[in-house]
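**Student:**
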Amino acid sequence: MNATEAVRTKLDSREFASKAVEPEIKRAVLEAARLTQSGVNSQHWRFVLIQDPKNLSRLAADSTTGSWVAGANFAVVICTDPTKGYHVLDAGRAAQDMQLTAWDSGVTSRLYTGIKQTEMRRDFGIPESLNATVVVGFGYPSHKLIGRKNRKPLSEVAFLERFGNPVDAL
Ligand SMILES: Cc1cc2nc3c(=O)[nH]c(=O)nc-3n(C[C@H](O)[C@H](O)[C@H](O)COP(=O)(O)O)c2cc1C
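The opening residue of the sequence shown carries number 16 in the numbering used here; numbering runs sequentially from there.
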């Protein structure tokens, strides 16, 4: 799958098959995170891979918007330094690279940002200097996902030269 195809077909899933994701795919996902660009190449992030079902349940309990992560095969907590003005953007980029890398191997994913910081520090040892900014849950799809993308048309979200100018002329 090339990058364009990965972007075109990737959907976010809350439901995952029970099939285990192979360790080499998990490593490839972490490697994608490591290789992602960050502001001034500061690489302030740290990534915690969670695969023990007990810990996935803890992750779910420590979330306000990601209870579905209890059913993921594994998850990655993206920790970033909140003193960097661009830290959330960096987290998003790492998440996207991890998600597309997993999808290249047929592994789907979804992220959440509703995270209880105090509980995450207690349960996963995240230091005070970092925030748990994004959690991405991964697993093989439980059903076929292709072909359900619900997005606004290009004419509504993109313009040419000046905000509001149609892109038709492109
Ligand atoms: C910045 C961001 C924050 C998100 N936060 C949550 C979240 O807290 N909980 C959740 O279940 N999904 C979350 N999502 C997933 C979105 O709801 C999902 O990407 C969107 O509905 C499109 O899904 P689709 O690709 O399957 O159409 C988030 C996605 C992004 C990009």
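Note that the Cβ used here is the ideal one computed from N, Cα and C, for glycine as well.
Roughly how far, in whole angstroms, is the beta-carbon of residue 1 from the beta-carbon of residue 31, given that I think they are within contact range, below 8 Å?
**Tutor:** Outside the shown range of the chain, which is 16 to 185, sits residue 1, and nothing can be said about it.
**Student:** Thinking just about the alpha-carbon of each residue, which of 89, 58, 80 is nearest to the one in residue 34?
**Tutor:** Here the closest residue by C-alpha is 89.
**Student:** Among the residues of its own chain, which have a CB less than 6 Å from the CB of residue 120, if the five just before and after it don't count?
**Tutor:** Within the same chain, residue 120 has close Cβ partners 40.
**Student:** Can you determine whether any heavy atom of ligand 1 sits closer than 7 Å to the C-beta of residue 101, and answer yes or no?
**Tutor:** It does not: the Cβ of residue 101 is nowhere closer than 7 Å to a heavy atom of ligand 1.
**Student:** At which residues does the alpha helix (DSSP H) containing residue 107 begin and terminate?
**Tutor:** That run of the alpha helix (DSSP H) goes 102–119.
**Student:** Within the same chain, show all residues whose beta-carbon is closer than 8 Å to that of residue 115, passing over the 5 residues directly before and after it, in chain order.
**Tutor:** So the list reads 18, 21, 22, 25, 47, once near-sequence residues are dropped.
**Student:** According to DSSP, residue 95 sits in a beta bridge with which residue or residues?
**Tutor:** Answer is 146, bridged to residue 95.
**Student:** Classify residue 152: buried if its beta carbon has 16 or more other beta carbons within 10 angstroms, exposed otherwise.
**Tutor:** Flag for residue 152 reads buried.
**Student:** Using CA atoms only, rank isn't needed, just tell me which of 51, 56, 177, 97 is closest to residue 258.
**Tutor:** Only positions 16 to 185 of the chain appear in the structure, and residue 258 is not among them; the question remains open.
**Student:** Determine the DSSP secondary structure at residue 141, reduced to helix, strand or coil.
**Tutor:** Looking at residue 141 - three-state DSSP - the assignment turns out to be coil, as it is neither helix nor strand.
**Student:** Alpha carbon to alpha carbon, what distance is there between residue 168 and residue 65?
**Tutor:** So the two alpha carbons sit approximately 37 Å from each other.
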